[in-house]
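Since the structure comes first, as structure tokens, the remarks are kept for the end.
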Amino acid sequence: MPRINSASELEELRKGVLSKRDPDKPCIAICAGMGCLGLSNGRVISAFEKEINKKDLKTKVDIRATGCHGYCEKGPMVLIYPEEICYVEVTPKDVPEIVSQTVLRKKVIDRLIYADPDTGEKAAHQAEIPFYKNQMRHLIGNNAKIDPRSIDDYLAVGGYSALSKSLLKMSPEQILEEIKKAELRGRGGGGFPAGRKWETARNAPGKEKYVIVNGHEGELGAFMDRAILSGNPHSVLEGLIIGAYAIGSHQGFIYTRHDTPQLKNNIDMALTQAEEYGLLGENILGSGFDFHVEVHLDIGIFVSGESSALMRSIEGNPPEPRPKYIRTSVSGIWGKPSALNNVETWANVPLIIDKGSEWYTSTGTERSKGTKLVSLSGNIVNTGVAEVPFGTTVREIVFGIGGGIPNGKKIKAVHFGGPMGGSIPESLLDTPLDFDELAKLGAPIGAGSMLVLDEDTSMVDITRYFLDFLSNESCGKCVPCREGIRQMLRILTNIRDGKGREGDIELLEEISEVTGAASLCALGKTAADPLLSTLRYFRDEYEANIAKMKRSAEKREL
Amino acid sequence: MGKHKKTSEIIIQIDGKEVKAAEGMTVLEAAQSADIFIPTLCHHEKLEPYGACRICTVEAEVRGWTKFVAACLYPVEQDLVVRTRSEKVDKIRKMILEFLLAHAPYSPQLQDLAQEYGADQDSFEKESSFCILCGLCVRYCAEVKKKNAVGFVDCGARREIRFIPEIAAKECHSCKECFPLCPTSFLQAAFVLTESLAFSRDSSPTALKK
Ligand SMILES: Cc1cc2nc3c(=O)[nH]c(=O)nc-3n(C[C@H](O)[C@H](O)[C@H](O)COP(=O)(O)O)c2cc1C
Ligand code: SF4
Ligand code: FES
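Residue numbers (this note's numbering), protein chains in the order written: chain A, 1 to 558; chain B, 1 to 210.
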């Protein structure tokens, strides 16, 4: 690979990549995302390869194994370019027909296209399918166009132009200003302004500084970070390098899941390729800026995604949170200023630099700008990853994109943010997706998992499940969290099993007050949030369970 | 933290009393220097501050914001206002004590504090392990003795201390300096040590306890 030393060389290279690509040449893009992988799409991919070989079409047709297309419910997904014909639930058996009919003769195979489960209405193109139609896919849209293991694919969709602009045309201060003006807020849960965090790290004393990608994605029911990091790793890397330049950091870390080899493999490949092109390493793009990245695998417990625990883990220590009386952006890894952002946060950065903060802030709400990736799961027709502008109502997401509730059931609640989040009831579904609006309702958006619950769900059970999860996935260091969760879990188990006693709800509230105020890290501080939100909207369910117990006790006494 | 690097003087207020402190000091150190008592369980002068028991929780007011912080860790800063007792602080301490008394009801240190804060030792069901995981033995062995004969294993509700038999067999008999540090009156460390030396690895302590 040639090393690129300037902006013009980059554009030259891009032109070269594009010139070798005939936009009319058929390309079969098969989702190799984690969801479809589970649906044995590997067999579909090899069936396509075999078929193309057999028919001697290797020079006439491209095959691309891509990242997640989002619509995991209908996987394995196959997109045929240039027409963008979309086939769902494809099996190896369908492959010869797809090649002979669609790829060669441009004929749509009716039985493989999407059909609306209610109306039967069919849609042959991705953009016509309701799941996609109502989205705004700024971040995940490129997944279907990119083989994550090919940097040329990323260059073909305009990749690394934001990096070139940043390093060669902008000062670090200008980038900082642009990110601040874009009002980019962290997507990992807290919604903290990224520009402010970067500025703190930039201004913190010390020469050595670090930037970090949080790719732990421990939130239950969240799978959008994986979709981006494994499906389009260069977009995250590009954001990270730009951030490093703005902050004045020369060393980055990507902290990612140990249990998903595909993630690490794709990231490693991206780093190697970027380095070969001179987009990473010494003297990037001839700008004089040096930056290196190391990949770290997480420790498989939930708390290792918490910023200070993650940093300890990178240092090689057990992932125990540290009190953050001094912010990690001032004193993080080895006591050095460390700016940590979520995968999705970093992926937004090239977009902002490329298109400008004005363009960026034209999407979203007053205080939540841009788009948000959400993972839909639970009692919902379309499980998958969707991307919507902030401000889209929860109802639009669940019904417009998610296709509503299966089996003719009614919706009861939507739970946001996993074990540190909260639920909103049906009556509040018209709330817009917005950091502050949802937080006000006691259901902060978290990282973006949306667990949809139907009328048969017991909210006591769900709450108990989250606390059970936390009791295993916290570090266990501090008393209010470890013991508070233990006791709350015990009480909830009793209530669930019909052994609840009068006064239990009040005791739960008292414990939650103490864990919330006195725990060391945000895990303990918010461990009772699902409990508090379900007590806020579904208190009657707790009371009914306890009353049942009282009635049967009275009966026994009679 | 804890080691006073600089000497620039900071004035803070603790329980209405003006206290002079040096930069780098913790609230606990500042309070101790002014003879103001803040209870501690996991703190030890020879060890790095740890912040696990949270019994030292106090109310800290900074620029109009009130928050609950661990005094053993929180660094002093100019104009900081600290309240070592308040309704909420007492409530927090009472519940922490009740949590811990479910493990170690006979600990004199816990009983004394329970009296002060009105904690009821029967608030919660008794637990099988009497360790309160203050980490004094673990940290003393690591930081002072530099032997790491005892450590934490597992996480969350399953966290426990365990002696590493290979190291313990060599080091512990002549030392046992961690025993008297234990706030549950060295029952736990003694128990786990004996157990780890007496039984092979497969009959794990957890299995035995049940
Ligand atoms: C217990 C716990 C687990 C967390 N897990 C994650 C995670 O898996 N991924 C993530 O991005 N942030 C996670 N966070 C939030 C991080 O601490 C941190 O705020 C975030 O990575 C900062 O990035 P952002 O500002 O871009 O959101 C977690 C926080 C806590 C308290
Ligand atoms: S709050 Fe929970 S997870 Fe956080 S330090 Fe304390 S025990 Fe560990
Ligand atoms: S003494 Fe401060 S947390 Fe234990």
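By construction, the Cβ of each residue, glycine as well, lies at the ideal position given by its N, Cα and C atoms.
This one's a predicted model, so the numbers in the text were calculated from it and none came from an experiment.
Between which two residues does the alpha helix (DSSP H) holding Ala162/A run?
Within the first sequence, numbered from 1, the residue matching residue 162/A stands at position 162. Bounds of the alpha helix (DSSP H) holding Ala162/A are Ser161 to Lys169.
Given a cut-off of 9 angstroms on the beta-carbon distance, is the pair Pro611/A and Leu310/A in contact?
Since the first residue of chain A shown is 1 and the last is 558, residue 611/A is not available in this structure.
From Lys5/B to Lys20/B, what distance separates their C-alpha atoms?
Position 5 of the second sequence, counting from 1, holds the residue named residue 5/B. Position 20 of the second sequence, counting from 1, holds the residue named residue 20/B. Reliability of the predicted coordinates at Lys5/B is poor, the pLDDT of 49 falling under 50, and the value obtained from them is presented with this limitation in mind. Straight-line Cα distance between these residues: approximately 16 angstroms.
So if I threshold CB-CB distances at 9 angstroms, which residues from the region 63-86 of chain B count as touching chain A?
Correct list: Lys67, Phe68, Val69, Ala70, Leu73, Tyr74 and Pro75.
With respect to 8 angstroms, is the separation between the Cβ of Ile55/B and the closest non-hydrogen atom of ligand 4 below this value?
This structure simply doesn't include ligand 4; it includes ligand 1, ligand 2 and ligand 3 instead.
Please specify which runs of the beta strand (DSSP E), each continuous and at least 3 residues long, are wholly inside the region 297-385 of chain A, giving them in chain order.
Assignment of beta strand (DSSP E) within the region 297-385 of chain A, counting only whole runs of 3 or more residues, yields 338-342 and 371-378 in chain order.
So who's on the other strand from Asp454/A, going by DSSP bridges?
On the first sequence, position 454 is the one that residue 454/A refers to. In the DSSP assignment, Asp454/A forms a beta bridge with Ile411/A.
Option nearest Ala443/A by Cα separation, candidates Leu467/A, Ile462/A and Gly418/A
The sequence position of residue 443/A within the first sequence is 443, counting from 1. Measuring from the Cα of Ala443/A, the nearest candidate turns out to be Gly418/A.
Rounded to whole angstroms, how far is the Cβ of Met549/A from the Cβ of Gly500/A, which I believe are closer than 8 angstroms?
Counted from its first residue, the first sequence places residue 549/A at position 549. Counted from its first residue, the first sequence places residue 500/A at position 500. Yes, they are in contact, since the Cβ atoms of Met549/A and Gly500/A sit about 5 angstroms apart, within 8 angstroms.
Just confirm the distance between the C-beta atoms of Val157/A and Ile146/A, as a whole number of angstroms; I'd bet it's less than 8 angstroms.
The sequence position of residue 157/A within the first sequence is 157, counting from 1. The sequence position of residue 146/A within the first sequence is 146, counting from 1. Ile146/A and Val157/A do touch by the CB rule: their CB atoms are close to 7 angstroms apart, below 8 angstroms.
Near ligand 2, which residues have their beta-carbon less than 6 angstroms from any of its heavy atoms, given in chain order?
This criterion selects Val303/A, Pro321/A, Ser474/A, Cys475/A, Gly476/A, Lys477/A, Cys478/A, Cys481/A, Arg482/A, Ser519/A, Leu520/A, Cys521/A, Leu523/A and Gly524/A.
Tell me whether His43/B counts as near ligand 3, meaning its Cβ is closer than 8 angstroms to at least one heavy atom of that ligand.
Sequence index remark: in the second sequence, residue 43/B carries index 43 (1-based). True, at least one ligand heavy atom lies under 8 angstroms from that Cβ.
I'd like to confirm something about Thr361/A: is its beta-carbon nearer than 8 angstroms to some heavy atom of ligand 1, or not?
Here residue 361/A corresponds to residue number 361 of the first sequence, with the count starting at 1. No.
Tell me whether the region 23-40 of chain B and the region 55-73 of chain B touch, counting them as touching only if at least three CB pairs, one residue from each stretch, are closer than 8 angstroms.
Yes, the region 23-40 of chain B touches the region 55-73 of chain B.
Name the DSSP beta bridge partners of Lys17/B, please?
What you label residue 17/B is simply residue 17 of the second sequence in a count that begins at 1. In the DSSP output, where bridge partners are listed per residue, Lys17/B has Ile14/B.
With the cut-off set at 9 angstroms, would you say Arg367/A and Phe466/A are in Cβ contact?
Position 367 of the first sequence, counted from the start, is the residue given in the question as residue 367/A. Position 466 of the first sequence, counted from the start, is the residue given in the question as residue 466/A. No. Outside cutoff.
Which residue spans inside the region 90-177 of chain B form an unbroken alpha helix (DSSP H) run of at least 4?
Whole alpha helix (DSSP H) segments, 4+ residues: 108-117, 136-139 and 165-171.
Suppose you measure from the CA of Glu121/A to the CA of Ile129/A; what does that come to, to the nearest Å?
The residue you call residue 121/A lines up with position 121 of the first sequence. The residue you call residue 129/A lines up with position 129 of the first sequence. Using only the alpha carbons, I get a separation of about 10 angstroms.
Output, in chain order, the set of chain B residues within a Cβ distance shorter than 7 angstroms of Ile301/A.
In the first sequence, residue 301/A corresponds to position 301, counting from 1. In chain order: Cys155.
Does any CB atom of chain B fall closer than 9 angstroms to the CB of Tyr325/A?
The residue labelled residue 325/A in the question sits at position 325 within the first sequence. Yes, contact with chain B.
Could you tell me whether the Cβ of Leu28/B comes closer than 9 angstroms to any Cβ of chain A?
Sequence index remark: in the second sequence, residue 28/B carries index 28 (1-based). Judged by the 9 angstroms Cβ criterion, Leu28/B is not in contact with chain A.
From what residue to what residue does the alpha helix (DSSP H) around Asp225/A run?
For the purposes of this step, residue 225/A is taken as the residue at position 225 of the first sequence. Start and end: Met224 to Gly231.
Starting from Ser561/A and walking both ways along the beta strand (DSSP E), at which residues does that stretch end?
Because chain A here runs from 1 to 558, residue 561/A falls outside it and cannot be looked at.
Contact set between the region 359-390 of chain A and chain B, restricted to residues whose Cβ is under 8 angstroms from the partner
Within the region 359-390 of chain A, no residue qualifies.
Under the three-state reduction of DSSP, which class applies to Pro183/B: helix, strand or coil?
Sequence index remark: in the second sequence, residue 183/B carries index 183 (1-based). In this structure, Pro183/B counts as coil in the three-state DSSP scheme.
Glu473/A: contacting residues in chain B (beta-carbon distance under 8 angstroms):
Taking the first sequence and counting its residues from 1, one reaches residue 473/A at position 473. Within chain B, Cys155 and Gly156 have C-beta atoms less than 8 angstroms from the C-beta of Glu473/A, given in sequence order.
Within the present structure, is the beta-carbon of Leu531/A separated from the nearest heavy atom of ligand 3 by less than 8 angstroms?
On the first sequence, residue 531/A is found 531 positions in, with the first residue counted as 1. When distances are taken from the beta-carbon of Leu531/A to the heavy atoms of ligand 3, even the shortest one reaches 8 angstroms or more.
With a threshold of 6 angstroms on Cβ separation, who are the neighbours of Cys36/A within its own chain once the five nearest residues in sequence on each side are excluded?
As a first step, residue 36/A must be located in the first sequence, where it is residue number 36. Excluding residues within five positions, the ones whose Cβ falls inside 6 angstroms are Gly75 and Pro76.
By the 9 angstroms beta-carbon criterion, what residues does the region 483-498 of chain A contribute toward chain B?
Those residues of the region 483-498 of chain A that come within reach of chain B (Cβ to Cβ, closer than 9 angstroms) are Glu483, Gly484, Ile485, Arg486, Gln487, Leu489 and Arg490.
Rounded to a whole number of angstroms, what is the C-alpha to C-alpha distance between Ile326/A and Ser338/A?
As a position in the first sequence, residue 326/A is number 326, starting the count at 1. As a position in the first sequence, residue 338/A is number 338, starting the count at 1. It is roughly 12 angstroms from the alpha-carbon of Ile326/A to the alpha-carbon of Ser338/A.
CA-CA distance, Gly281/A and Pro321/A?
In the first sequence, counting from the first residue as 1, residue 281/A sits at position 281. In the first sequence, counting from the first residue as 1, residue 321/A sits at position 321. Distance from the CA of Gly281/A to the CA of Pro321/A, rounded to the nearest whole angstrom, comes to 31 angstroms.
Using beta-carbon positions only, say whether Leu373/A and Arg187/A come within less than 9 angstroms of one another.
On the first sequence, residue 373/A is found 373 positions in, with the first residue counted as 1. On the first sequence, residue 187/A is found 187 positions in, with the first residue counted as 1. Yes; because the gap between Cβ atoms is below 9 angstroms, this pair is in contact.
Let me know the secondary structure DSSP gives Lys106/A once reduced to three states.
Within the first sequence, the letter at position 106 stands for residue 106/A. The answer is coil: DSSP assigns Lys106/A none of H, G, I, E or B.
Alpha helix (DSSP H) segments (min. 4 residues) lying fully within the region 455-494 of chain A:
The region 455-494 of chain A contains these whole alpha helix (DSSP H) runs: 459-473.
Under 8 angstroms, with one C-beta from each stretch per pair, do the region 530-550 of chain A and the region 48-58 of chain B reach the 3-pair mark?
Inter-segment contact for the region 530-550 of chain A and the region 48-58 of chain B is absent: fewer than three beta-carbon pairs are separated by less than 8 angstroms.
Pro406/A beta carbon near ligand 3 (any heavy atom closer than 8 angstroms):
In the first sequence, the residue the question calls residue 406/A occupies position 406. Checking the Cβ of Pro406/A against ligand 3 gives no.
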